[in-house]
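Chemist: Chains C and Z, in that order, give the protein sequences. When you line the first sequence up against this note's numbering, it's residues 5 to 341, in that order. When you line the second sequence up against this note's numbering, it's residues 1059 to 1306, in that order. Every residue, glycine too, gets a C-beta built ideally from N, C-alpha and C. Quick caveat, the model's predicted, so the values are computed rather than measured. This is the structure, below, for whatever I ask next.
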Amino acid sequence: VRLYLSYPASDRVLAGALTRVLVDGGHEVASVEGLYGSDLASAVTSAIRRSDGVIAFPGSLNPNVVYEMGVAAGADIPVIMVMPSDVSVASDLRSIPAVIATGQPAVDAAELLRRVGQFAPRGRQAVRDLSPENILAAALHEIDAYEALSPREFEEVVAQLLIDRGFDIEQPPRRGDHGYDMAIRCAGPSGTTLVLVQCKKLSAQARVSAHVVRELYEAVQHTGATAGLLVTSSDLTSSARAVADQTGIRLLRLDDLLAMRAGEWTPLARHDLTPSQLLAFQDAARTYGWDRDTAAAVLGRGRDLVRGAATLTASGHMLRTPSLESPGAWVRILEGL
Amino acid sequence: MERLLWLDLACGRGQILEGLSDSLSDRQRSKITYWAYDVDQTYAREAQRAAASLGLAGAKVFVGDLGAFQDALPPDALFDFITLTNTVHEIAPSHLARLLVGAVVRLAPEGTAYIYDMERVKPPELGALPWGAQDVRAIASELVAAFGAPEYEPGVSGWHHRTVDGWHLQIDRKHIGPTAAVLAGGADAAIAAIAITIEALMKRRLADCRRTLEAFTMFGVETAEEQEDRTHLLYDYWALTRALTGDE
């Protein structure tokens, strides 16, 4: 069976020894080792949800261990605690199955192996067997599917979806962290533009903090890219939202992502527009069904025109005018401003 | 590997030597001559002892301010390996360009400079200015461009660990064309060009820093990450302001 080992750093040696016993017993063992970054909680949650059972060392009531037991409880995944005999357990945990350590490692390991053998493998469909669209659609609508997706898989699935949808995707150099996960390269009448994409898949309860937005903006500045897109289904903190507004970093929700098609999507140049003007421009492009070239042509007509158009659209004026459904009519009106 | 002369700038107690007993054979160690440079004589001596206990071919100690290392070393000494570890955040930005150029100028034709540091100092230190991998990449690009090798991209990697984020920079001298003498002749121009880049990066960082701090002031912090971020940004803000106003 697949197991997740939850332990505090102080029990790392013991956990390592137990891992070897369990692996020798034919089981797969995952743990927090090798995971890092601000997506850590999501990566841990994903690993727990993919396991058939959790072995926890809550002896010192380490907050991470207790949190991970809670994740397992929420996902209906069985837990076995490994407890020293002289430790008093918190009242909420008293009825959770436990292996009480005898102080004889061989005896304790044998007992743990026996108990682990009672875990039933849980049926699960491998992520690789599903299409990116299906994976993201499931993640959008089902909390179980969302939480089971690891941050790394989320990033890979987003990249594959964009490729499948016809986008020209460029990966950053392999070495090191470049502050973005992928870039969309868009050819248009005014040349090629580069839009950096950063995926942020956090646990459902988590919020995207301000530094995530700031770091993506730093990458935009360093690479000379046109814009930055933050793909996430988590809410942003108030400060993160404010930084995004000021820097023009755009958020892309899963439903927006699933609706994106290469021919229908417009990369927004910064053009000195405020983020709300950029947003209005993209809304107008979507509302009037512009393809990429049409939108680029409108942008290419000059900064003032775009600014005026976006401001008008933001006021709702253009969106309420049914006769302006063709891009050409829209552009003619704009030219007369 | 033939004879290898290694200069360890800001060597501290020689912590970098600790892992070598496992990773280098006795034979390899016997070919390495280690020169330790530090502002603290006690530290430098400890590093020398550590080198001796490892069985390195030789070890010398030089004591002085990091910014003056060029003057403290024999003028014709070129190194196969120059290291500067866990120190860049302590270097005043106005001295950073000179230090980097000095390291490149002192490399032997096949030599390598290896620099690494943390992206954030934990706990933060007042006046320290840690750099991020992306900024280091920009500085390194300017460095090699200033020496006439704009096509060469020195290796810069940012890395994450559960408790610390960091970067390392590797500059291989063989990709930078001119002879040592020509390189030294262009040092002042290179320092000036890199200093401009560093100043521009600091101004950009200050703007980014201010923007986020203003958001925190207006909306407060809503996660533990933001709490930690705010503290570091306040320290960065202080260090950047001092550096940009020439008060460092």
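Is Glu1209 (chain Z) close to chain C, meaning its C-beta is less than 8 Å from at least one C-beta of that chain?
Modeler: So no, Glu1209 (chain Z) is outside the interface.
Chemist: Taking only beta-carbon atoms, is Gln108 (chain C) less than 8 Å away from chain Z?
Modeler: Chain Z contact via Cβ: absent.
Chemist: Given this structure, state the Cα-to-Cα distance separating Ala1171 (chain Z) from Ile1234 (chain Z), to the nearest angstrom.
Modeler: Using only the alpha carbons, I get a separation of about 12 Å.
Chemist: Quick one: which residues of the stretch 1247-1271 of chain Z get their C-beta closer than 8 Å to a C-beta of chain C? List them in chain order.
Modeler: Answer in chain order: Arg1262, Asp1266, Arg1269 and Thr1270.
Chemist: Consider the Cβ of Trp1217 (chain Z): report whether some Cβ of chain C lies at a distance smaller than 8 Å.
Modeler: Yes, contact with chain C.
Chemist: Could you tell me if His31 (chain C) is buried or exposed, where buried requires 16 or more neighbouring beta carbons within 10 angstroms of its beta carbon?
Modeler: Per the 10 Å Cβ criterion, buried.
Chemist: Apart from the five residues just before and just after Pro62 (chain C), which ones in its own chain have a Cβ nearer than 7 Å to its Cβ?
Modeler: Once the five neighbours on either side are set aside, the close Cβ partners of Pro62 (chain C) are Val69, Val70, Met73, Met85 and Leu97.
Chemist: Which residues does DSSP pair with His1226 (chain Z) in a beta bridge?
Modeler: His1226 (chain Z) is bridged to Z:Tyr1174 and Z:Ser1215.
Chemist: Give every residue of the same chain whose Cβ lies closer than 8 Å to the Cβ of Ala79 (chain C), excluding the five residues on either side of it in the sequence, and list them in chain order.
Modeler: Taken in chain order, the residues that qualify are Ile52, Arg53, Asp148 and Glu151.
Chemist: Report the three-state DSSP secondary structure of Gln175 (chain C) (helix, strand or coil).
Modeler: Coil at Gln175 (chain C), not helix or strand.
Chemist: Evaluate the contact criterion for the stretch 1169-1189 of chain Z versus the stretch 1280-1298 of chain Z: three or more CB pairs, one atom per stretch, below 8 Å.
Modeler: Contact between the stretch 1169-1189 of chain Z and the stretch 1280-1298 of chain Z is present, because at least three Cβ pairs lie under 8 Å.
Chemist: Could you tell me whether any Cβ in chain Z is nearer than 8 Å to the Cβ of Thr241 (chain C)?
Modeler: Cβ-Cβ to chain Z under 8 Å: yes for Thr241 (chain C).
Chemist: Enumerate in chain order the residues of its own chain whose CB-to-CB distance from Arg274 (chain C) is below 7 Å, with the five nearest sequence positions on each side excluded.
Modeler: The predicted position of Arg274 (chain C) is uncertain, since its pLDDT is 42 and thus under 50; a value taken from the coordinates is nonetheless stated next. Only Thr230, Ala231 and Gly252 meet the Cβ criterion.
Chemist: Going along chain Z, which residues have a C-beta under 9 Å from Ala223 (chain C)?
Modeler: Simply Gln1192.
Chemist: Note down, in chain order, every chain Z residue with its Cβ under 8 Å from the Cβ of Gln175 (chain C).
Modeler: Here the premise fails: no neighbours, minimum Cβ distance about 15 Å.
Chemist: Less than 8 Å between the beta carbons of Val1097 (chain Z) and Asp1123 (chain Z), yes or no?
Modeler: Yes, these two residues count as a Cβ contact at 8 Å.
Chemist: Can you tell me which residues form a DSSP beta bridge with Val1152 (chain Z)?
Modeler: A small correction: the amino acid at residue 1152 (chain Z) is Ser; Val does not occupy that position in the sequence shown. The partner list for Ser1152 (chain Z) (beta bridge, DSSP) is empty, contrary to what the question assumes.
Chemist: Please work out which residues of its chain come closer than 7 Å, Cβ to Cβ, to Asp1080 (chain Z), disregarding the five sequence neighbours upstream and downstream, and give them in chain order.
Modeler: Taken in chain order, the list of residues that qualify is empty.
Chemist: Would you identify the three-state DSSP class for Pro62 (chain C), choosing helix, strand or coil?
Modeler: Pro62 (chain C) falls in the coil class under three-state DSSP.
Chemist: Starting from Ile139 (chain C), trace the alpha helix (DSSP H) in both directions and tell me its first and last residue.
Modeler: Note, Ile139 (chain C): alpha helix (DSSP H), Pro136 to His145.
Chemist: So for Leu1291 (chain Z), helix, strand or coil by DSSP?
Modeler: DSSP places Leu1291 (chain Z) in helix when its eight states are reduced to three.
Chemist: For Leu165 (chain C) versus Leu261 (chain C), is the C-beta distance shorter than 8 Å?
Modeler: Contact flag set, yes.
Chemist: So with Cβ pairs under 8 Å, would you call Ser213 (chain C) a contact of chain Z?
Modeler: Yes, its Cβ sits closer than 8 Å to a Cβ of chain Z.
Chemist: Is Glu32 (chain C) helix, strand or coil when you go by DSSP?
Modeler: Reduced to three states, the DSSP call for Glu32 (chain C) is strand.
Chemist: Kindly indicate the opening and closing residues of the beta strand (DSSP E) around Ile1197 (chain Z).
Modeler: Segment Ala1191 to Ala1204 is the alpha helix (DSSP H) holding Ile1197 (chain Z); no beta strand (DSSP E) there.
Chemist: Could you say which of C:Ser64, C:Leu140, C:Tyr8 and C:Asp28 lies nearest to Glu37 (chain C) if we only look at CA atoms?
Modeler: Closest by alpha carbon: C:Tyr8.
Chemist: Could you compute how far the alpha carbon of Ile59 (chain C) sits from the alpha carbon of Arg254 (chain C)?
Modeler: The straight-line gap from Cα to Cα measures roughly 41 Å.
Chemist: Where does Ala1068 (chain Z) land, buried or exposed, given buried means 16+ other C-beta within 10 angstroms?
Modeler: With 16 or more other Cβ atoms within 10 Å, it is buried.
Chemist: Any beta-carbon of chain C closer than 8 Å to the one on Asp1305 (chain Z)?
Modeler: Not an interface residue.
Chemist: Any idea if Asp1294 (chain Z) is buried or exposed, counting beta-carbon neighbours within 10 angstroms, 16 or more meaning buried?
Modeler: So Asp1294 (chain Z) ends up on the buried side.
Chemist: Mind checking who Arg6 (chain C) pairs with in its DSSP beta bridge?
Modeler: Arg6 (chain C) is bridged to C:Glu32.
Chemist: Leaving out five residues before and five after Ile173 (chain C) in sequence, what residues of the same chain have Cβ atoms less than 8 Å from its Cβ?
Modeler: Here the set comprises Ala163, Leu166, Ile167, Met186, Ala187, Ile188 and Arg189.
Chemist: Would you kindly work out how many angstroms separate the C-alpha atoms of Asp276 (chain C) and Val224 (chain C), rounded to a whole number?
Modeler: The predicted position of Asp276 (chain C) is uncertain, since its pLDDT is 47 and thus under 50; a value taken from the coordinates is nonetheless stated next. Rounded to the nearest angstrom, the two C-alpha atoms are 15 Å apart.
Chemist: Return the bridge partner residues of Leu1063 (chain Z) from the DSSP annotation.
Modeler: According to DSSP, which records beta bridges pairwise, Leu1063 (chain Z) is partnered with Z:Thr1091.
Chemist: Decide yes or no for the touch test of the stretch 1105-1112 of chain Z against the stretch 1136-1148 of chain Z: beta carbon pairs closer than 8 Å, at least 3 of them.
Modeler: As far as the Cβ criterion goes, the stretch 1105-1112 of chain Z does not touch the stretch 1136-1148 of chain Z, which means the pair count is below three.
Chemist: Asp1287 (chain Z) versus chain C: which residues are under 8 Å apart at the beta carbon?
Modeler: Residues of chain C passing the Cβ test: Ser213, Ala214 and His215.
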